[in-house]
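Trainee: Submitted below is the structure of interest, expressed as structure tokens.
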Amino acid sequence: MSVQHKQLAQYFLNGDEDGALDYMEELVKVHSKAFLYQEIITPAMYYIGELWEQNKITVADEHLATAICDFSLSRLESELKPIKGKHQTNYKALLFGVEDEQHYIGLKMVADTFKEQGWRVRYLGPNLSMEHSMSQIEKFRPDVIGLSAALSYRLPVLKKVLYRFMELEWKPLVMIGGRMAKKFQLDEFESAQVMVVKDLNHLYQWFNEGREGAINETS
Amino acid sequence: MKQVERVFPLPYYRINKNFFIYAYSKEACDLHGVKEHLLDIFDEASLTKVKGTIKPEIQKASLEVHLKPLDEEDSIKTADMYVSWENDLYAEVLLHVKDERLSKVTQTLTQLRSRLNDTNFELFEEKEKLEEAIEQSNRLSAPFIVLSADTAMIPLFGDITIEKMHAVEDSLLKSSQREGIDRLLFDFTAVGEFNRDGIHVLTDMMKSLFYMGAEIIIIGIQPHQAKQLNDLKLPLEINYMHSLQQAVAKYCAQ
Ligand code: B12
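First to last, the protein sequences are chains L and Z. The numbering of the first sequence is full-length UniProt numbering, which starts it at 1 and goes up by one. The numbering of the second sequence is full-length UniProt numbering, which starts it at 1 and goes up by one.
Written out as structure tokens, the structure is:
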């Protein structure tokens, strides 16, 4: 069993942003970013959840850990990405967390993953109201709309936004991800236009094979 | 089950080890109504923690838990919980909801974060504009100029980078397929630095054009640039000329 995620979680919990960043930088020298996201950072955050369940840390610690994780992700992203004159594709993705949802670390990694695949990405952060997201969507006209939700109580909101997005005339693909997609059976939502994504591997799989036909090339 | 008066104005419960509620305070009732079972007040994702911590073997415990929202309007609350076992059968439980302080911190953090995200977003939009501008300028840095029926000139501008070469590759290959053009003058007079990968793409492009039958003439190249090009093993038949003037005089005089 790997202990790297526990080590990283420790840096997060200690508020040690330099330690966390150094650790991540060492890891991306030998591993892909996909591996870092899926096999180290995500488990590190889940591990923090376990520590809370074991009564070893509090929500305040989770806040600190999240801030350090967020910061390191941003730094890592900016360090690895020079300004280039070209996008590999013309696909566009718009990502956000539904109203009252504060869990966004997963979404942030997803945003970066789309960027790495050459997509144009609008990452709007967590807790976005319906009006706000609609106006951004109309303006940007994304091929993929990605939603994230962790809390089980978000199910009604999620339903509401889904139905709105299905009415969009250019028929973007709507992806649902986050803890909710992992924990709960959301199959009833799935259709040609809606996809439930369990984790990053699932997303990569889609990038590699499943995309044809799901979004139209010309938009 | 009965309501009791307590000294502390906090939600209080007396439970057995199956979490059955024997007594509760008024504050407990205000918090979550009258419940038979203590487990009914917790969020589902707190249950493992509660069951793992509240048991007679752990005589005194304090833990943080999340309480279920009361209805769709309500939100999940975080509370500190203090447990003390009187004996193996009964425990006293005190709750202290800490939402107000916590939500203030949370809100502040959220605002900071969203401001950061907005800034980030603006920066990102600027970056995209910049990227578009760079691409635009890349595409324009190798125009295809037809000089005569069979000769075209491609003046290159600025540094030879991989992005730039990729940006011009397609249109150059296409333009040079045009009927009648069988001589291409690459003018390096306005070229700055060579970038390794960029020059690779450029020489590959020249090689393709050459094998497709075009005569390639390189103009205005600096000695140190010529050396770099030579290292890349261009076909020997490529000609070099000192200046554009010379080239035009030779190939375009009719
Ligand atoms: C850290 C954390 C927080 C941080 C949030 C920071 C953040 N991560 O954004 C803070 C402290 C702010 C927080 C707040 C709260 N939290 Co919290 N939190 C967690 C914790 C410990 C980890 C979450 C996390 O970071 N996961 C890591 C990410 C990377 O995983 P992920 O979201 O699943 O994302 C992956 C995939 O799902 C996928 N993905 C995600 N989104 C998308 C979107 C698309 C389009 C695609 C394709 C893929 C995709 O990509 C990711 C890559 O691996 C969890 C415990 C757990 N096991 O989940 C609790 C947990 C989710 N939180 C919980 C609770 C109760 C809360 C609070 C209500 C109370 C509190 N703790 O203060 C508030 C909620 C406020 C609100 N209104 O939203 C509960 C939820 C219970 C429930 N019934 O749903 C949990 C389960 C803890 C628990 N056991 O009680 N929390």
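From the three backbone atoms N, C-alpha and C, an ideal C-beta is built for every residue, glycine too.
On the premise that I145 (chain L) lies in contact with L94 (chain L), defined as a C-beta separation below 8 Å, what is that separation, rounded to the nearest angstrom?
Mentor: 5 Å
Trainee: If we cut at 8 Å on Cβ distances, does T42 (chain L) have a partner in chain Z?
Mentor: no
Trainee: Does any C-beta atom of chain Z lie closer than 8 Å to the C-beta of P156 (chain L)?
Mentor: True, the Cβ-Cβ gap to chain Z drops below 8 Å.
Trainee: Leaving out five residues on either side along the sequence, give the residues of the same chain with a beta carbon under 6 Å from the beta carbon of L232 (chain Z).
Mentor: T203
Trainee: L38 (chain Z) and V93 (chain Z): beta carbons closer than 8 Å?
Mentor: yes
Trainee: Looking only at its chain, what residues have a beta carbon closer than 7 Å to the beta carbon of K26 (chain Z), apart from the 5 residues adjacent to it on each side?
Mentor: Q3
Trainee: Check the Cβ-Cβ distances between T113 (chain L) and every residue of chain Z, and say whether any is below 8 Å.
Mentor: no
Trainee: Less than 7 Å separating the Cβ of I54 (chain Z) from some heavy atom of ligand 1?
Mentor: Distances from the CB of I54 (chain Z) to the heavy atoms of ligand 1 are all 7 Å or more.
Trainee: If we ignore side chains and look at the alpha-carbon of each, how far apart do Y251 (chain Z) and I154 (chain Z) end up?
Mentor: 14 Å
Trainee: Spell out whether any CB of chain Z is found under 8 Å from the CB atom of E53 (chain L).
Mentor: yes
Trainee: If we define contact as Cβ-Cβ less than 8 Å, is H63 (chain L) a contact residue for chain Z?
Mentor: yes
Trainee: So, does the stretch 199-219 of chain Z touch the stretch 107-124 of chain Z, judging by three or more C-beta pairs under 8 Å?
Mentor: Output reads no: the stretch 107-124 of chain Z does not touch the stretch 199-219 of chain Z.
Trainee: Quick one: residues in its chain with C-beta nearer than 6 Å to the C-beta of I199 (chain Z), no 5 flanking neighbours on either side, listed in chain order?
Mentor: I160
Trainee: Closest Cβ-Cβ distance between L232 (chain Z) and chain L: below 8 Å?
Mentor: no
Trainee: Tell me whether N208 (chain L) sits in a helix, a strand or coil according to DSSP, three-state version.
Mentor: Residue state, collapsed to three classes: helix.
Trainee: Ligand 1 and D199 (chain L): does any heavy atom of the ligand fall closer than 7 Å to the residue's C-beta?
Mentor: yes
Trainee: For a test of the three-state rule: what should DSSP assign to P126 (chain L), helix, strand or coil?
Mentor: coil
Trainee: Show which residues of chain Z have a CB atom less than 8 Å away from the CB atom of V59 (chain L).
Mentor: E64, T78, L102
Trainee: Is T58 (chain L) helix, strand or coil by DSSP?
Mentor: coil
Trainee: Does the count of Cβ pairs from the stretch 142-149 of chain Z and the stretch 169-178 of chain Z closer than 8 Å reach three?
Mentor: yes
Trainee: What number of angstroms, rounded off, separates the C-alpha of E77 (chain L) from the C-alpha of N90 (chain L)?
Mentor: 21 Å
Trainee: Could you tell me how far apart the beta carbons of Y82 (chain Z) and S62 (chain Z) are, in whole angstroms, since I believe they sit closer than 8 Å?
Mentor: 5 Å
Trainee: Going along the stretch 42-61 of chain Z in order, which residues come within less than 9 Å of chain L, judged by CB to CB distance?
Mentor: D43, E44, A45, S46, T48, K49, G52, T53, A61
Trainee: Within 8 Å (strictly less), CB to CB, does S25 (chain Z) reach chain L?
Mentor: no
Trainee: Anything in the stretch 114-132 of chain L with a Cβ closer than 9 Å to a Cβ of chain Z? List those residues in chain order, please.
Mentor: R120, V121, R122, Y123, L124, G125, P126, N127
Trainee: With DSSP as the reference, label I68 (chain L) as helix, strand or coil.
Mentor: Correct three-state label for I68 (chain L): helix.
Trainee: Count the other CB atoms, across all protein chains shown, that sit within 10 Å of the CB of W52 (chain L); report buried if there are 16 or more and exposed otherwise.
Mentor: buried
Trainee: If you measure from the CB of S46 (chain Z), is any heavy atom of ligand 1 nearer than 7 Å?
Mentor: yes
Trainee: Which residues bound the alpha helix (DSSP H) around R179 (chain L)?
Mentor: 179-183
Trainee: Establish whether the CB of P11 (chain Z) and some CB of chain L are separated by less than 8 Å.
Mentor: no
Trainee: If you measure from the CB of S148 (chain L), is any heavy atom of ligand 1 nearer than 7 Å?
Mentor: yes
Trainee: Determine the extent of the alpha helix (DSSP H) in which A249 (chain Z) is found, giving its start and end residues.
Mentor: 244-252
Trainee: Name the residue from Z:E44, Z:V50, Z:R196 whose alpha carbon lies nearest to the alpha carbon of M165 (chain Z).
Mentor: Z:R196
Trainee: Rounding to the nearest angstrom, what Cα-Cα distance links F188 (chain Z) and Q117 (chain L) in this structure?
Mentor: 34 Å
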